[in-house]
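In the UniProt record's numbering, the protein residues as written are 1 to 1202. Data first, discussion second: the structure below is written as structure tokens.
Take a look at the structure:
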């Protein structure tokens, strides 16, 4: 499509000549102020702004904005300062002054437009100019007739200047000032407003100050930004006071290496972007965990003439801490809307030119973000392994891991492709002949230079969107290949499952049949009951005809009984259609998915499996309970046409769903409030503590096996912050894998060998005291190690300096360090470690003494923390024979070589970027890498694991990269592929908080001591848990665990005891309080009472139904966390449960007593509270929290609401 202005011809759209006239609007009073003159303290100004007049119909976009801005008024604006940094940016400039004669002449006014062409965008690269280059920039801007004939601005009028970043309160104050004819200051003819990551206070500042003619533009901007819409439009108001509105809404996925700290504090506002874990794209890589963030840039230009307009821009990008170029001086100020690529002090006066320039800059930025993501996706496909080829052989060892990878990839593509498709379609519609681009085509008012530049701008925009279209085609290709792989994998898994079931039935069923025959009191055939007749009966039972009947009966009876009862209560047909990947026995939303897929398949005449895959969980009850991705449902068809067909064919009286609604490429459905209690209650009441787990009935010896290695402290030093994080994360992952049906082995791989042990021995010979050791063994050992460590530092520094000096000359084989390391503490340490490896009795006895006392100390700490291990091992336990075997293999394959007396591996020879791995050092001692290689072999032979997860800090990333690369070089790729390094930031503030010499128990002691800091206002909450004395230990441990697990892996470890004594939303004490509250509410309640019809009506009300909808999400949350291994997702979910529970209870805990509450608990509410308690308790136990409240008594008469 040509982008040249002089080649375009549009007959029915054009820029109205009225905008070339001087049309100063009346802005003495904002639109909201005109509505609230008689009630200036009206709080719900957002709703009034969106729905100003009585009788106006409420649309979806009204609710979007009002929910976002709820419960905030003008007087609340100062409160923002304590919760959010200032992120608003404002720039005002006057238009060039003209005479009344020029203003009255349309042709003169058009020719007098100041077309500002910034030199920094005259080429595609757009190098960012510096303030020192501003004279060049000004020279590049053409002068207009208007500027040549303009009168000089009076010296008395001062320019409007603002701080670089403004709070909502400051922004409101400045915008509230008169825009025109304000005494002493210039008019704000051209106004730019940019807000990064706006919250409800920022939104209110805009709402409260918008003039009447800006309201339509601002309304559209707000709701489309909050709801992450895609749009490119130009709109001219056809009636009344004519204004123009140019808008662009550009959502984007941004690929970043690690999650940012801000994601730990997700808020309820929809402007907060979501994050998706993409660690599967770069498994085992060196660049850290990948993730994508949902970004959004919404931008609108609205005004009354070509020189009086306002540009509003909102951007969700808080994953990038640098919001742009803050450069500012008298000649230069970076335009934040244009990402710092334009000079706000040298403004582009024409609104259309400004809009196109910003669109070009933003489109190219989005192209680069998308390209990075596509490259990562394609690289993951290429490097995933042999199963990516359609004719590759499939083995049982890698089918499951490939299936998980493929499902994760398809989920990513299902999110990415529709958004990219929408963006491309928006541009194509905007730029089509006769469409909105026509408003930009009256080029007669521009100079030849400007016309040429605008042609380049439009060409650049077109190239950017063509580039995105090419990237989309590449993603479509990956998706097609993944779908083909998925079909193949599903067939393999089905065949594998059938073989297991067949084998199980052949072994078990004959024995069951024989036992049944022997149990008949009076058989019609008389026979002697002994061992021989029992064996013969089993042999007869092996007849295939009996086996077929046994299979059919067993599956129908054992797997569908409870589900059929639930289906009957919902008036749904039974049995459910078969969908291979659905788990309707464990997940209520999967039941809904299958039912919805059945409706979709019938409406569009497609396979139910394909329909099922198009149904997703939106993770937000306000966006529906389930959402259908229309391009995925019917590839290649127009989304609006598919939506219309579905709306026509969707059952009007479906027992489960309300009538759905179309939302772009999404088809959103919501459960009927009356159906929600019938749906959820059987799951929570039947499964109790198993709710959220997979419905696997496999015997433990046939389940997949995983080893989780975590904690792994060093016995010579303090239990560091990274060891605490490893302990809490590793214990969580272990519990999570168990809930997913894995057989988990927990291993604590102690740092109990190596040269640190030898150094401690050297220190013991100098500073050790048996008397001090007997009094405080751990404390004395730490004191000894710190002293010898200080003595050793000068020698270490001298060795490093000698190495660095030789390295400058280009060669370093270790000779420079030998002289230093053959004397002093170096020599003593190396000699001690050599003796230890050779089995010297004195050294071995010393090692065993400190190892045993440390294990006893750690065990006590782990018990207090609620963590257990199946095996305590360590570097010392690795067999010498296995290490020798590894060394021999490395030498035979010419992987290792001798260098300066040491045995090393050049990692670049194995495909790594660089680096040298040491197998044995120059003293002949084994290294950590050699011991770890041997440990992998020993564990593989002992446990025959399917996966081994190392929960170790990021400072070991290079080590694990080397470990995996060496195993692959040893032709052990299958074994290497089973290893996974779950990393987290090694940076911790715990040592600063606790100081030197603390013991592991001191961590928990500090947390318990912090519990004394609860304010008096929390006394009632603490009393509900039995008082501080009895609850202090549980509260302290809970506060610690939630602080640890709510922190994203890539975020610095804070360990802030001062923040632990708090009942803030989602904290450990808060979760314990709400669980205790539920138990108190249920105390003395007859849980066997059958709910009445009135109870069901009560549960169908908005607050209880919403709580039930949140509870139904728990299995989905667990499944998503199983993919990401980020426990913060569980913490966030439990916080949402308690938040919804608080709304449901709707009571003030300070004014009412527990006795009053008990009297109001109906059977329906009792069932609701019990379901909530089950979900809370299950989630808390998954995180490692031991409930302080007394557990529910087990009973056999738990009512089933059906």
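Ideal placement from N, C-alpha and C gives every residue a C-beta, glycine not left out.
Are the beta-carbon atoms of residue i and residue j separated by less than 7 Å?
i, j, result
"residue 253", "residue 416", "yes"
"residue 669", "residue 626", "yes"
"residue 1041", "residue 1129", "no"
"residue 714", "residue 778", "no"
"residue 730", "residue 710", "yes"
"residue 703", "residue 763", "no"
"residue 584", "residue 591", "yes"
"residue 346", "residue 192", "no"
"residue 618", "residue 419", "no"
"residue 940", "residue 883", "no"
"residue 1110", "residue 1137", "yes"
"residue 298", "residue 314", "yes"
"residue 202", "residue 88", "yes"
"residue 1280", "residue 363", "Residue 1280 is absent from the structure shown; the chain starts at 1 and stops at 1202."
"residue 1125", "residue 733", "yes"
"residue 1076", "residue 1025", "yes"
"residue 681", "residue 1167", "yes"
"residue 211", "residue 218", "no"
"residue 199", "residue 47", "no"
"residue 301", "residue 359", "no"
"residue 229", "residue 249", "yes"
"residue 1065", "residue 1135", "yes"
"residue 667", "residue 637", "no"
I believe residue i touches residue j by the beta-carbon criterion, under 8 Å. Please report the beta-carbon distance rounded to the nearest angstrom.
i, j, result
"residue 957", "residue 984", "That belief does not hold up - the Cβ atoms of residue 957 and residue 984 are roughly 11 Å apart, past 8 Å."
"residue 1206", "residue 378", "Summary: the structure shown does not reach residue 1206, with the chain confined to residues 1 through 1202, and so no result is reported for it."
"residue 406", "residue 485", "5 Å"
"residue 767", "residue 793", "The Cβ separation is near 15 Å, so there is no contact."
"residue 946", "residue 978", "6 Å"
"residue 659", "residue 671", "About 12 Å; that fails the 8 Å criterion."
For residue i, list the residues DSSP reports as bridge partners.
i, result
"residue 302", "245 and 310"
"residue 792", "According to DSSP, which records beta bridges pairwise, residue 792 is partnered with nothing at all."
"residue 293", "254 and 275"
"residue 92", "191"
"residue 342", "In DSSP, residue 342 forms no bridge with anything."
"residue 747", "709 and 871"
"residue 196", "315"
"residue 235", "245"
"residue 1053", "988"
Please classify residue i as buried or exposed, where buried requires at least 16 other C-beta atoms within 10 Å of its C-beta.
i, result
"residue 852", "exposed"
"residue 1046", "buried"
"residue 622", "exposed"
"residue 197", "buried"
"residue 1102", "exposed"
"residue 571", "exposed"
"residue 1177", "buried"
"residue 1091", "buried"
"residue 182", "exposed"
"residue 555", "Bear in mind that a pLDDT of 29 at residue 555, under 50, signals an unreliable position, so the number given afterwards is only what the model happens to contain. Its Cβ having fewer than 16 others within 10 Å, residue 555 is exposed."
"residue 280", "buried"
Sequence ranges, alpha helix (DSSP H) only - wholly within the segment 931–1010, length at least 4:
957–969, 973–976, 990–994 and 1000–1010
Alpha helix (DSSP H) segments (min. 4 residues) lying fully within the segment 706–741:
Those alpha helix (DSSP H) runs which fall completely within the segment 706–741 and span 4+ residues are 721–739.
Taking only runs that begin and end inside the segment 595–677, name each unbroken alpha helix (DSSP H) of 4 or more residues, in chain order.
608–613, 630–633 and 639–649
Sequence ranges, beta strand (DSSP E) only - wholly within the segment 850–934, length at least 3
Complete beta strand (DSSP E) runs here, min 3: 871–874, 897–899, 902–906 and 916–920.
4-residue-minimum alpha helix (DSSP H) runs that sit fully inside the UniProt domain "DALR anticodon binding" (1071–1188), ordered along the chain
The UniProt domain "DALR anticodon binding" (1071–1188) contains these whole alpha helix (DSSP H) runs: 1093–1099, 1102–1111, 1114–1124, 1128–1145, 1154–1159 and 1163–1183.
At 3 residues or longer, what runs of the beta strand (DSSP E) sit wholly inside the segment 159–184?
none
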